[in-house]
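For the sequence shown, the tail end lands on 430 under my numbering, and the numbers increase by one without skipping. Cβ coordinates follow ideal geometry from the N, Cα and C atoms, glycine included. Data block below; observations after.
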Amino acid sequence: MLDILTYPDPRLSQVCAPVEEVTPELRALADAMFETMYKAPGVGLAAPQVGHFIRMLVMDDGVQHGESRNPRVLLNPVLELEGDDVRSEKEGCLSVPLDFRADVIRKSRVHLTARDLDWKPVDEYLDGFAAIIVQHEADHLDGVLFIDRISRLRRSLYDSKVKKWLRRKKHSA
Ligand code: NI
């Protein structure tokens, strides 16, 4: 299991660097990220969440309903947002504490280009749940969290909850 950085850790706001090549270390990191994601449990995890500031993410849109697993590793993903605005329901994030969830406006369809772990080009369209996950995870690579996409009011309410929680944690430590 890898340690997951959590908000308000400023490292989560970094823009990540492109992956230059696939190394054995990178493959090992992808394996560890899957293990961490499945155990959490989550449906996606981006490298910066585990302290590696590179443009890599793992995701699996098959986990949700106990369907067969559909693991993907994406290196240097680029998204062209298409389709209609859709409301992702109760989006959450392993890096956003207190199990905070909120609806976020996303696009229903994305054109995805990337590299896979064999450095083969990926070029496909994702819809539905997979489209939501990839938008959320690709945001992490640009230092964006889903709480950056909610209303200012909800965000400030959440921020004050986090502050209180951190203060309590500090006192009980
Ligand atoms: Ni996330």
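**Request:** Work out the CA separation of VAL315 and ARG329 for me, nearest whole Å.
**Result:** 6 Å
**Request:** Report buried or exposed for TYR382, applying the criterion of at least 16 other Cβ atoms within 10 angstroms of its Cβ.
**Result:** Around the beta carbon of TYR382, fewer than 16 other beta carbons sit within 10 angstroms, so the residue counts as exposed.
**Request:** Tell me, to the nearest whole angstrom, how far the beta carbon of VAL276 is from that of LEU332; I am working on the premise that it is less than 8 Å.
**Result:** Between the beta-carbon of VAL276 and that of LEU332 there is about 4 Å, and that keeps the pair under the 8 Å contact cut.
**Request:** Sort out for me which residues DSSP pairs MET316 with in a bridge.
**Result:** Per the DSSP secondary-structure output, MET316 pairs in a beta bridge with GLY301 and ARG329.
**Asked** Under 8 Å, do SER352 and TYR415 count as touching if we go by C-beta distance?
**Response** The answer is no: Cβ separation not under 8 Å.
**Message:** For a test of your reading of the model: does the CB of LEU414 fall under 7 Å from any non-hydrogen atom of ligand 1? Yes or no.
**Reply:** no
**Item:** Continuous beta strand (DSSP E) stretch holding TYR382: start and end
**Value:** 378-384
**Other residues of its chain near LYS347: CB distance less than 8 Å, five sequence neighbours each side excluded** = ARG358, ALA359 and ASP360
**Request:** Starting from ASP342, follow its DSSP beta bridges and name the residues at the other end.
**Result:** DSSP lists LYS364 as partners of ASP342.
**Request:** Taking only the alpha-carbon atoms, compute the straight-line gap between LEU302 and ASP341 and give it to the nearest angstrom.
**Result:** 25 Å
**Asked** Who are the Cβ neighbours of ARG372 in its own chain at under 7 Å, not counting the five residues just before and after it?
**Response** LEU332, ASN333, PRO378 and VAL379
**Request:** With THR293 as the anchor, note down where its alpha helix (DSSP H) starts and where it stops.
**Result:** 281-296
**Request:** Flag HIS397 as yes when its Cβ comes closer than 7 Å to any non-hydrogen atom of ligand 1, and as no otherwise.
**Result:** Checking the Cβ of HIS397 against ligand 1 gives yes.
**Asked** How long is the line joining the alpha carbons of ILE404 and PRO354, rounded to whole angstroms?
**Response** Whole-angstrom Cα-Cα distance: 11 Å.
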